[in-house]
Every structure is written in structure tokens, then in C-alpha cells.
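Undergrad: Shown below is the structure under consideration.
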DNA sequence: CGTGTAAGGAATTCTGACACG
DNA sequence: CGTGTAAGGAATTCTGACACG
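Residue numbers (the working numbering), protein chains in the order written: chain F, 1 to 104; chain S, 1001 to 1104.
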């Protein structure tokens, strides 16, 4: 429970497949990286690798772009959203620490 | 609940990445496919694509091979295991159909 | 049977740049 | 600013085959 993210976060998808999955051109995907909206990893040889989370994020980005939202604004939104989620996670951690299942 | 498999089953990983993930050579991975131990999909251009499930399966195969189990025997084991899981799933489905949450 | 390897070709991905607006 | 495209090179993947055992 609460740790089913292992697959969703693993960076293993090539840009070509991400392009198919999202409908975005590779050019756009690379551009959003340049603008720090997304952070793929790299293989030894420098090929980009994305996670399913990245794919979802790219689809959100695409939706916003279609509505005319600039990359800068999208970045702001995305960052805000992340802070919020990180906070939720932390609170949950604190609760578990006091009332949750003991680890030993 | 019970349908978190979407990522695990999606075929999106190239053979090169699968090779890194499993430690198997591409030759071996292709051979296991030839022997029907695994069923990757293909991109438009014919490149193999694997799921995380396939990766796990390959690691099981690797373990068995290390112990000297032949591909034929492994295939038998894997098939048996699948039948078992399919059965569980079906039973669960029947229970839900009678006592589970209504769909309409 | 299971796996390595060299072979040749086709498709992928990468970067930096010019273009348009 | 956001995206297309042509450019040249490097790395990936594919198949069929020969090798060994």
C-alpha cells in the first residue's frame, strides 16, 4: 500500500514511444525538457528515457498548451502541484510515524 | 482497486533497456521469445517492446535457467502458473458479480 | 539445446542551427 | 515563444546464419 509507484516512476521509455503515447512530436517533448517542464533520464549513450509519470505529465502539458498556456505558466502550475503533493506525503508520513504500524 | 495493472502490462520498453534491467543479453531475450516464453509487441517498424511484467518474467526465466531448467520446462511452469492466476481472477469476478459493488 | 558473434541494412535518436512569427 | 525541418553522425535493433557442444 502506498508504494505502488515503482513502475510508474521508472524511466525506461524512449522518446519515440513517448511520442506515440502522447501524440506530441519529439521536437515538442525535447523543448519541454529544455524549459524544465520534464526531466527524463539518459541511457549510457545519451538516449532519453521517460517514465509513465512523465507521459502523464506530458499529456497535461499538451492540454494546457492547447489552451494557450505558456510553458512558463505551466511550469509554475506543475511546481505548485508538486509542492502540494510533497506536503501531503509528508503529513501522511508523520501520522504513520506516530500512529501507524510499527516497523520493528 | 484491482486494476492497477495498466502500467505493468503496457508494452513500451525496448530490448536494450530490458537487457539492462534483467542482465540478460539481447540474444537470450530473443531466444526466449522464439521458444514462446515471452511475447513482446512490436512498433510499426518492427522493434520489440516489452512490459514491466515481461521484465519480471524474464528474471524468473533467468533464475530457472541458472538452475539448469530447460526452456521447455520453464514454459510449462509459466503456463501452469498463468492458468492458476486466470482461475483466481475468474473466481474473484464471479464473487463480485453476485456480492460486489453494483455497476449500475 | 542455448548462446555467442560477425554481417549488412534499416530506423532511431542526438545536437545545433536556421526559419517563422 | 513554440515548433518545424534538413543535416550529419553515432548507436540501436532486426534477421538469418555459422559456430560450438
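Glycine included, C-beta positions come from ideal geometry on N, C-alpha and C.
Would residue 46 of chain F count as contacting chain S if we go by Cβ distances under 9 Å?
TA: Not an interface residue.
Undergrad: Do you know how far the Cα of residue 1031 of chain S is from the Cα of residue 1042 of chain S?
TA: 16 Å
Undergrad: State whether the region 1004-1013 of chain S contacts the region 88-101 of chain F, with contact taken as three or more CB pairs (one from each stretch) at a distance under 8 Å.
TA: no
Undergrad: If you count every other CB in all the chains shown that lies within 10 Å of the CB of residue 1081 of chain S, and 16 or more means buried, which is it?
TA: exposed
Undergrad: Out of F:51, F:94 and F:72, which has the shortest C-alpha to C-alpha gap to residue 106 of chain F?
TA: The requested residue 106 of chain F is not part of the displayed model; chain F covers only 1 to 104.
Undergrad: Looking at the secondary structure, which residues open and close the alpha helix (DSSP H) in which residue 76 of chain F lies?
TA: 71-99
Undergrad: Which of helix, strand or coil does DSSP assign to residue 49 of chain F?
TA: The three-state secondary structure of residue 49 of chain F, taken from DSSP, is strand.
Undergrad: Please list, in chain order, the chain F residues whose beta carbon lies closer than 8 Å to that of residue 1039 of chain S.
TA: Those do not exist, as residue 1039 of chain S stays about 18 Å from chain F at its closest Cβ, beyond 8 Å.
Undergrad: Taking the DSSP output, what are the residues bridged to residue 26 of chain F?
TA: Note: residue 26 of chain F sits in no beta bridge, so no partner.
Undergrad: Check the Cβ-Cβ distances between residue 1043 of chain S and every residue of chain F, and say whether any is below 9 Å.
TA: yes
Undergrad: Examine chain F for any beta-carbon lying closer than 9 Å to the beta-carbon of residue 1036 of chain S, and answer yes or no.
TA: no
Undergrad: Rounded to whole angstroms, what is the Cα-Cα separation between residue 1044 of chain S and residue 23 of chain F?
TA: 15 Å
Undergrad: So, under 8 Å CB-CB, residue 28 of chain F and residue 75 of chain F are touching, yes? Tell me the CB distance rounded to an integer number of Å.
TA: With 8 Å as the limit, residue 28 of chain F and residue 75 of chain F do not qualify as a contact, their Cβ atoms being about 15 Å apart.
Undergrad: Counting only the same chain and skipping the five closest in sequence on each side, list residues whose C-beta sits under 8 Å from that of residue 1037 of chain S.
TA: 1057, 1061, 1071, 1074, 1075 and 1078
Undergrad: Which residues of chain S have a Cβ atom closer than 7 Å to the Cβ of residue 14 of chain F, listed in chain order?
TA: 1014
Undergrad: Please classify residue 49 of chain F: is it buried, with 16 or more other beta-carbons within 10 angstroms of its beta-carbon, or exposed?
TA: buried
Undergrad: Count the other CB atoms, across all protein chains shown, that sit within 10 Å of the CB of residue 1007 of chain S; report buried if there are 16 or more and exposed otherwise.
TA: buried
Undergrad: Give the DSSP-derived three-state secondary structure of residue 1106 of chain S in the structure shown.
TA: In the structure as shown, chain S starts at 1001 and stops at 1104, and residue 1106 of chain S therefore has no counterpart that could be examined.
Undergrad: Cβ of residue 26 of chain F less than 9 Å from any chain S Cβ?
TA: Cβ-Cβ to chain S under 9 Å: no for residue 26 of chain F.
Undergrad: Please decide whether residue 66 of chain F counts as near chain S, where near means a Cβ-Cβ distance under 9 Å.
TA: no
Undergrad: Output yes if chain S places a C-beta closer than 9 Å to the C-beta of residue 78 of chain F; else output no.
TA: no
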